[in-house]
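Quick note, the sequence shown lines up with residues 37 to 365 if you use my numbering.
Note that CB positions come from ideal geometry on N, CA and C, so glycine has one too.
This structure is a prediction, so every number in the text was calculated from the model and none was measured.
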Amino acid sequence: MGAISMTWSLPTLTSSKLPRVNRYSGMAFATVNKDTATLGVKVTEGLGKLPKVVLTSSHGSEAELYLYGGCVTSWKVGSKDLLFVRPDAVFNGQKPISGGIPHCFPQFGPGPMQQHGFARNSDWSIVDSESVDGSPVITLELKDSPYSRAMWDYSFQALYKITLDKNTLSTELKITNTDKKPFSFTTALHTYFSAAVSGASVRGLKGCKTLNKDPDPKNPIEGKEERDVVTYPGFVDCVYLGASNELYLDNGLGDVICIKNTNWPDAVLWNPHLTMEACYKDFVCVENAQIGNVDLEPEKSWVATQQLSVGKSIVVMHDEIGSLQKNAT
37 MGAISMTWSL PTLTSSKLPR VNRYSGMAFA TVNKDTATLG VKVTEGLGKL
87 PKVVLTSSHG SEAELYLYGG CVTSWKVGSK DLLFVRPDAV FNGQKPISGG
137 IPHCFPQFGP GPMQQHGFAR NSDWSIVDSE SVDGSPVITL ELKDSPYSRA
187 MWDYSFQALY KITLDKNTLS TELKITNTDK KPFSFTTALH TYFSAAVSGA
237 SVRGLKGCKT LNKDPDPKNP IEGKEERDVV TYPGFVDCVY LGASNELYLD
287 NGLGDVICIK NTNWPDAVLW NPHLTMEACY KDFVCVENAQ IGNVDLEPEK
337 SWVATQQLSV GKSIVVMHDE IGSLQKNAT
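Rendered as structure tokens:
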């Protein structure tokens with residue numbers, strides 16, 4: 037399999053207008069760890085000896101991402117990892133990393149090219165790194181290569197900006213057409229959340245048009261979501277068209293994750309149930325998606341953002357209030 041060449045150094049960066057910003061000027065990879073530690077950005081060796089970036093905010097939250105696939109694999113607030121990586125995930129630079137937040141680009145799902153496109157099994161490069169008020173920010177880049185052009189013969193640039201704050205993990209995906217001809221694409225962020233599947237639920241989907249891929253993925257059943265609270269009672273693979281830009285996932289583990297977005301018009305819920313017996317009970321997928329084609333003219337860009345914020349579930353808050361009241365008496 038072909039691969040995009042790795043870039044280990046960052047360019048010299050210009051000054052920023054953001055308040056209290058520390059920036060990382062271009063330097064060789066060998067000095068990255070020492071010189072960027074104060075910025076909360078550390079490049080290190082991950083599983084399978086793949087390059088991994090560790091982000092640490094001044095508030096104590098932490099995230100990890102691999103340059104292979106541009107995949108965020110961990111997001112910790114306190115000691116709890118809110119993302120999930122499957123136990124069968126491989127880190128060999130040959131297959132996509134199964135878990136975290138993989139990219140689906142320039143194709144979501146099956147189609148003329150390989151499943152979910154090529155972005156999740158290509159090497160991304162670091163092009164920018166900074167710290168804003170104690171929050172580390174890193175920007176990755178993916179460009180066309182002989183490998184991508186064998187499947188999708190266009191010149192493009194994908195920029196993926198990741199920001200870690202106290203209780204929030206934010207991303208911005210910018211796709212630019214650098215070709216001389218227009219192209220179309222679909223895309224998604226295939227986010228795996230740690231969960232107790234029997235207690236997990238999603239709010240904010242009521243009224244959406246649905247494309248239910250159970251029982252036949254090739255012939256989805258059209259419908260309308262009538263439930264206020266959507267659960268994962270068994271195999272779930274459902275597309276929600278025209279979804280709200282604010283969904284709420286109760287992960288069944290005591291947390292509610294608010295999933296806000298701009299310009300991700302659709303959502304997908306997925307859990308493989310018994311087809312992945314080893315781990316299906318431990319995660320659910322809630323994916324921001326662009327199911328319909330984006331038609332992009334030369335030199336034009338498409339931008340979408342996602343913001344994940346974590347808080348306590350009502351059940352946990354109720355238990356904590358009860359415990360405080362009990363201790364006060």
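- The stretch 212-273 is shown to contain whole beta strand (DSSP E) runs of 3 or more residues at 219-225, 228-230, 237-239, 245-248, 257-260 and 265-267, in chain order.
- Note that the C-beta distance between leucine 277 and lysine 242 is not below 8 Å.
- Leaving aside the five residues that flank glycine 84 on each side, the residues in its chain whose CB is nearer than 7 Å to its CB run, in chain order, Phe127, Asn128 and Gly129.
- Put simply, the backbone Cα of valine 168 is about 26 Å away from that of phenylalanine 229.
- Look at proline 138 here: in three-state DSSP terms it is coil, with no helix or strand label.
- Shown here, lysine 85 sits in a helix according to DSSP, grouped into three states.
- Check the Cα spacing between serine 165 and each of Leu285, Ile133, Leu195 and Gly290: the tightest is with Leu195.
- Counting other Cβ atoms within 10 Å of its Cβ, serine 220 stays below 16 and is therefore classed as exposed.
- The alpha-carbon separation between valine 163 and isoleucine 174 amounts to approximately 8 Å.
- The beta carbons of tyrosine 284 and cysteine 274 sit about 17 Å from each other, so the pair does not count as a contact at 8 Å.
- For proline 182, the enclosing alpha helix (DSSP H) starts and ends at 182-185.
- With the rule of 3 Cβ pairs closer than 8 Å, the stretch 201-213 counts as touching the stretch 328-348.
- Judged by pairs of C-beta atoms under 8 Å, the stretch 109-125 touches the stretch 88-99, as three or more such pairs exist.
- Our two residues, aspartate 264 and valine 238, have alpha carbons roughly 8 Å apart in a direct line.
- Judged by pairs of C-beta atoms under 8 Å, the stretch 294-313 does not touch the stretch 177-189, as fewer than three such pairs exist.
- For the set Pro148, Phe120 and Pro146, the Cα lying nearest the Cα of proline 138 is the one of Phe120.
- Tyrosine 276 sits in a strand when the DSSP states are folded into three classes.
- Taking 8 Å as the cut-off, the beta carbon of glycine 136 is found closer than this to the beta carbon of valine 108.
- Only exposed fits aspartate 250, as fewer than 16 other CB atoms lie within 10 angstroms of its CB.
- For aspartate 164, the three-state secondary structure derived from DSSP is strand.
- Lysine 179 and threonine 204 have their C-alpha atoms roughly 28 Å apart.
- Within 10 angstroms of the beta-carbon of isoleucine 198 lie 16 or more other beta-carbons, which makes it buried.
- Inter-residue distance for leucine 289 and lysine 348 is about 9 Å (C-alpha atoms, whole angstroms).
- Assignment of tyrosine 196 by DSSP, reduced to helix, strand and coil, places it in the strand class.
- When the beta-carbon positions are compared, phenylalanine 271 and threonine 227 stay at least 8 Å from each other.
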